[in-house]
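Structure first, commentary second.
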Amino acid sequence: MNPYVLTILLSSLGLGTTLTFASSHWLLAWMGLEINTLAIIPLMAQQHHPRAVEAATKYFLTQATAAAMILFAATTNAWLVGEWSINDMSHPIASSMTIAALALKIGLAPMHFWLPEVLQGLDLVTGLVLSTWQKLAPLALIIQVAPTINPMMLTLLGLLSTLIGGWGGLNQIQVRKILAYSSIAHMGWMIIISQYAPHLTLLALGMYVFMTSTAFLSLKMTSATNISTVTAMWSKTPILVSTTALALLSLGGLPPLTGFMAKWLILQEMAKQQLPLTATIMALAALLSLYFYLRLCYAMTLTISPSTTNATAPWRTRTTQSTITLALFTVVTLGLLPITPAIITLVI
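If you read the sequence shown in this note's numbering, its first letter stands for residue 1, the second for the next number, and so on.
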């Protein structure tokens, strides 16, 4: 892609998200979401591959539907209550429509069906942008409207997302689909706590962005897109395989890695809110996700692809990709748990 065009598209992505962050009026927030959607579609379709074009089309139709629902909900609220402000979504019909539209935007269950299919059609870098950056603006809106939403609705969305995100990834062999279901499960954790402790939603989002970036960039280094190619990674980059396996376990929330921090604090907050049953279901649903991360780790580290030798091949050329970003994300993904108290102090 032409670098000037790429610069314009990336700037538009940044502008759309910033516009939504800064807005207190529904029309401005909707405009930011639309700029975001229109900026990423050319990035999705840049490969001129049928799967990429199909993914871009599915994404456009889904996001256009969600945007229309948001506009309809905002107009309904203005008509019934007389307020266009994001923080004054006081009518139950308008607030329910809004949360349904935002859930469709970020791929929460049961509006998640588009996400694995779209992510499977993209290359790893665009998939990373879709899984991280594109979640920021809708989540900012969800945090703002969460106090006006029926708590049972948010709890059901969160529980469904963690359960379906765990179950859906169990039988997948495509790494991008596994990461898509991982995204659905993590969004469930963020949504369920947004009504009680929004700062924990932000903390979980930050941790999720770092861990997912590490996973995507690690896979990009070796161009691994399904489990059979993952088994050949160890002979090319044994050290990278070790850090990638640990990053996946961190995504699963295994102590003593960074991913455990957000899950631990969310479960603690839910216990404080007298929701032991919900917390137990969430913890058990996390085990489902952990299984498919372990499956990937097993394929990476403990299996040998039939086509590889037992030694690191010396004739392979070194990668020309930059590794600084991956190194920084890996350090954050693996080592932040010991400084949890400092992070809590900063976030609250």
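Quick reminder that beta carbons are idealized off the backbone N, C-alpha and C, glycines included.
Bridge partner(s) assigned by DSSP for residue i
{"i": "His25", "result": "Ser85"}
{"i": "Asn226", "result": "Gln174"}
Selection from the options that minimises the alpha carbon distance to residue i
{"i": "Ile239", "options": "Ser218, Pro255, Leu251, Ile266", "result": "Ser218"}
{"i": "Val241", "options": "Met300, Ser223, Pro255", "result": "Met300"}
{"i": "Ile184", "options": "Asn171, Leu203, Leu159, Thr225", "result": "Leu159"}
{"i": "Asn330", "options": "Leu163, Phe210, Leu130, Ala56", "result": "Strictly speaking, residue 330 in this sequence is Thr, with Asn absent from that position. It is Phe210."}
{"i": "Met207", "options": "Val230, Ser228, Gly252", "result": "Gly252"}
{"i": "Gln134", "options": "Leu257, Gln273, Pro255, Ala39", "result": "Ala39"}
{"i": "Ala100", "options": "Thr62, Ser131, Val81, Glu117", "result": "Thr62"}
{"i": "Met89", "options": "Asn150, Met221, Ile41", "result": "Asn150"}
{"i": "Lys272", "options": "Ile193, Leu346, Leu337", "result": "Ile193"}
{"i": "Leu154", "options": "Ala140, Met190, Pro338", "result": "Met190"}
{"i": "Leu163", "options": "Ile339, Glu54, Met282", "result": "Met282"}
{"i": "Ala146", "options": "Ala245, Ile344, His91, Leu248", "result": "His91"}
{"i": "Asn87", "options": "Ser23, Leu80, Leu130", "result": "Ser23"}
{"i": "Ala140", "options": "Leu19, Thr323, Leu257", "result": "Leu19"}
{"i": "Tyr59", "options": "Asn36, Leu80, Leu71", "result": "Asn36"}
{"i": "Ser182", "options": "Leu28, Ala232, Leu108, Ile142", "result": "Leu108"}
{"i": "Ser11", "options": "Ala286, Val230, Thr57, Gly32", "result": "Gly32"}
{"i": "Gly127", "options": "Gly188, Ala55, Ile227, Gln195", "result": "Ala55"}
{"i": "Thr17", "options": "Leu284, Ala29, Thr7", "result": "Ala29"}
{"i": "Lys105", "options": "Met1, Met187, Thr320, Gly82", "result": "Met187"}
{"i": "Thr98", "options": "Ser131, Leu9, Thr212, Gln144", "result": "Gln144"}
{"i": "His112", "options": "Leu71, Ser96, Ala180, Leu249", "result": "Ala180"}
{"i": "Lys236", "options": "Ala224, Gln174, Thr212", "result": "Ala224"}
{"i": "Thr320", "options": "Leu203, Pro50, Met221, Thr65", "result": "Met221"}
{"i": "Ser250", "options": "Val332, Thr76, Ala73", "result": "Val332"}
{"i": "Ala342", "options": "Leu248, Leu203, Leu277", "result": "Leu203"}
Local conformation of residue i per DSSP, three classes
{"i": "Gln174", "result": "strand"}
{"i": "Asn77", "result": "helix"}
{"i": "Pro338", "result": "helix"}
{"i": "Ser182", "result": "helix"}
{"i": "Ile40", "result": "helix"}
{"i": "Gly127", "result": "helix"}
{"i": "Met1", "result": "coil"}
{"i": "Leu108", "result": "coil"}
{"i": "Thr325", "result": "helix"}
{"i": "Gly252", "result": "coil"}
{"i": "Leu302", "result": "coil"}
{"i": "Thr62", "result": "helix"}
{"i": "Ser242", "result": "helix"}
{"i": "Leu257", "result": "coil"}
{"i": "Ser235", "result": "helix"}
{"i": "Thr20", "result": "helix"}
{"i": "Ser90", "result": "coil"}
{"i": "Phe113", "result": "coil"}
{"i": "Ile142", "result": "helix"}
{"i": "Gly121", "result": "coil"}
{"i": "Leu290", "result": "helix"}
{"i": "Thr330", "result": "helix"}
| query | Between the stretch 193–210 and the stretch 114–129, are three or more C-beta pairs nearer than 8 Å? | reply | Because the criterion of three Cβ pairs below 8 Å is not met, the stretch 193–210 and the stretch 114–129 do not touch.
| Going along the chain, which unbroken runs of the alpha helix (DSSP H) with 4 or more residues stay wholly within the stretch 185–224? | Segments of the alpha helix (DSSP H) lying fully in the stretch 185–224: 198–222.
| task | Note down, one range per segment and in chain order, each beta strand (DSSP E) of at least 3 residues found wholly within the stretch 145–175. | result | Unbroken beta strand (DSSP E) runs of no fewer than 3 residues, entirely contained in the stretch 145–175, are not found.
| So does the stretch 256–266 actually touch the stretch 326–344, counting three or more Cβ pairs closer than 8 Å? | The stretch 256–266 vs the stretch 326–344: in contact.
| Should the stretch 166–176 be called in touch with the stretch 282–295, which here means at least 3 C-beta pairs below 8 Å? | Touching, per the Cβ criterion.
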